[in-house]
DNA sequence: TCCTGTTATGTTAGCGATAACAAACGGGAG
DNA sequence: CTCCCGTTTGTTATCGCTAACATAACAGGA
């Protein structure tokens, strides 16, 4: 730990305000405000003079003051379960891209897969007055739901198709996607198919996938379902590895395993390699989400590709329409946009 | 795409303000303000009455108005290169944990490994008046640096040890860490050691690691350095796979390769497996960062473990001290905190 | 009884910007 | 020469909240 003396920069004592800039350039604050916005009518020499003053003073616009006055905060809130999940990262990127050029910034919050954290986060986001809010999933605490309903701004639920949506929806049925994967494995000839997931319903999409698995198994007449629950969601690579071992111990005849996500599937496959259990010959393993790792590892993992980027992009565009609509006093109809998914058959099954 | 009619919630027309709550509970707005903060002296029956009114009206505090008045926005900005990188995610988590209970929220921005994007982001963050700002890396555009210096708030650079820091620093020397890995491989008996990284210096930490590799090679008297540059940073798993093939083509005698990050190392190893190049017998491969994947894949990857969480946590705590100090008018001395790293010897070398 | 201190609440005056309207100015049409 | 219109700039009044100070009410000690 080393120390260095404090160097006081020239413009430091009091942060300059718009009034300081106005005084220095000999105009009113209103003119400064206009100069800093594009699209306002202002003489080019005046603008230059103002810009010079801004530069000299090191002035930075105070947006909180601006948004109080203009009633536009210039940002939208998006809540995703985890910062470190490439699926949600893609969704966030899709949203950011959709917002490009709209003057709206994306403000992300992380719920850590917990509806309670989500509730708290919705509260703190709403206090900052976003112009719209995007949440992941369709299940919320009662209070969270009420907050969303009363917020007075467009609300979009993503990554799911809730039975009673708050308002707009952009997503797909996790249960249906999971069922499609079961049918695919069935089509490949597998019968003794297991499901590996977390021990709780904390990850609601994970729970939906398990439900879809069970439903599809029943529909295919495969009455013995093999569900291995292990660890608190989201389950890690390591937990996937441990779970596959337990699975094989408990049901030695198992032929295939569907993991709740690609990460746990990857962990499971690596563990199999260490134990010399051939994948897919001894046991086939599939994942969910089509993470980069699934197409890169060896063997490449069969999974369900979800249009993550598109979910975000559609949500972003929908949100722009909704904000625009409300601003113009138009009646905005609640929309449900269903995104697609596809089983990606690869080497692990 | 399905539609549903707009359902107008009861409290919708105009968002209620504190004055509405005050009127409804028969007190002044100041009392309402106090009731919504903890630590203020207020009669418990008054508080209850106010809370009831808040509940009835669905009132949500407007923080932008509050912070305009109190001059405290209640958030700190942190810029990280990528949303989808578990190293930076850990740093973010460390920061969030450090901020827990301080009343400060973390607002993340993503620079996408570009100093230009960073500059723009610093601008838009500063406009929202964070109480402190944390950036990743020590290299910035001139304008960005000026913005940081003039911001009047605590600035912390992380993940690096800049030669001329803006103010506070929490990080380690990427070059030194990379050199340590070279020395480790040398100690294992490897001599023809290569480095795989991106084609540009966009990822400044990646560039530092390459520099450290070259310096260490020279110091060890290994004069022939083998640098394979491939793809725009951050290079992906797939690019790691492609790079290792090119590397072996160009220098068939290569014995070991250090990849700029674990992800590219993983891609390289998987590609080797597909080509039946034994790792580490035919070629040893090491990564950087100790991502989860490195300890989970097969073979497990030798890498440099960085104390990501600690970087964030220390930065968070430093930032709290600095804010506290400035608020009390104390002179805050610039601090440099050096975090540790360690070569993690595993199966891939 | 009066004074003092504590607790609970109210009043006033902004915080720093922008919306909305007003006004000054210059130039071209009639 | 006058009038009108478009362009540029200024004035005023908030936006919703909180800091700082003021005041009221009450309890307890001298």
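Protein chains in written order, with my numbering: chain A, 2 to 350; chain B, 2 to 350. Just so you know, even glycine gets a beta-carbon here, dropped at the ideal spot from N, CA and C.
Annotation for residue 134 of chain A: the continuous beta strand (DSSP E) segment containing it runs 134-137. Inside the region 24-64 of chain B, DSSP marks whole alpha helix (DSSP H) runs of 4 or more residues at positions 30-37, 45-58, from first to last along the chain.
Among the CB atoms of chain B, one or more fall inside 9 Å of the CB of residue 296 of chain A. The beta carbons of residue 53 of chain A and residue 26 of chain A sit closer together than 9 Å. Contact fails between the region 102-112 of chain A and the region 34-52 of chain A, because fewer than three Cβ pairs, one in each stretch, are under 8 Å apart. Residue range 87-100 is occupied by the alpha helix (DSSP H) that includes residue 87 of chain B, with no beta strand (DSSP E) assigned at that position. The beta carbon of residue 152 of chain A is closer than 8 Å to those of 127, 134 in its chain, skipping five residues each way along the sequence. Among the bridge pairs identified by DSSP, residue 260 of chain A is matched with A:197. Within the region 115-148 of chain B, 124, 125, 127, 128, 129, 130, 147, 148 place their CB atoms closer than 8 Å to a CB of chain A, listed in sequence order. With respect to the C-alpha of residue 57 of chain A, the residue from A:18, A:246, A:320 having the closest C-alpha is A:18. Not a single CB atom of chain A sits nearer than 9 Å to the CB of residue 231 of chain B. Contact residues of the region 81-107 of chain A toward chain B are 84, 85, 87, 90, 93, 106 (C-beta to C-beta distance below 7 Å).
The beta-carbon of residue 53 of chain A is placed no less than 9 Å from the nearest beta-carbon of chain B. With fewer than 16 other CB atoms across the displayed protein chains lying within 10 angstroms of its CB, residue 144 of chain A is exposed. Residues of chain A with a Cβ closer than 7 Å to the Cβ of residue 275 of chain B are, in chain order, 299. In the structure shown, residue 141 of chain B falls within a coil segment according to DSSP collapsed to helix, strand and coil. Residue pairing by DSSP places residue 229 of chain B opposite B:197 in a beta bridge. Checking the DSSP bridge columns, you'll see residue 243 of chain B has no partner listed. About 4 Å separates the beta carbons of residue 268 of chain A and residue 242 of chain A, which is inside the 8 Å limit, making them a contact pair. At the C-beta level, residue 315 of chain B and residue 332 of chain B stay beyond 9 Å of one another. Nearest CB-CB separation between residue 345 of chain B and chain A: not below the 9 Å threshold.
From the beta-carbon of residue 239 of chain B, the residues of chain A found nearer than 7 Å are 297.
Contact annotation: residue 305 of chain B and residue 288 of chain B have beta-carbon atoms nearer than 9 Å.
Within the DSSP secondary-structure output, residue 287 of chain B pairs in a beta bridge with B:259, B:303.
Looking at the DSSP output, residue 156 of chain A shares a beta bridge with A:134. DSSP places residue 188 of chain B within a helical segment (H, G or I) once states are collapsed to three. When DSSP states are grouped into helix, strand and coil, residue 162 of chain B belongs to the coil group. For residue 212 of chain B, the closest of B:327, B:175, B:265 by C-alpha to C-alpha distance is B:175.
For residue 271 of chain B, the chain A residues whose Cβ falls inside 8 Å of its Cβ are 297, 298, 299, in order along the chain.
Taken atom to atom, the span from the alpha-carbon of residue 278 of chain B to that of residue 179 of chain B is near 25 Å. Restricting attention to B:155, B:168, B:173, the CA atom closest to the CA of residue 162 of chain B is found in B:173. Taking a Cβ-Cβ cut-off of 7 Å, the neighbours of residue 62 of chain B in chain A comprise 128, given in sequence order.
Short of 7 Å from the beta carbon of residue 272 of chain B, and not among the five residues preceding or following it, lie these beta carbons of its own chain, in chain order: 242, 245, 246. Residue 251 of chain A and residue 94 of chain B have their C-alpha atoms some 36 Å from each other. Burial check for residue 209 of chain A: the Cβ neighbour count within 10 Å reaches 16 or more, so the residue is buried. Per DSSP, the continuous beta strand (DSSP E) segment holding residue 342 of chain B begins and ends at 342-345.
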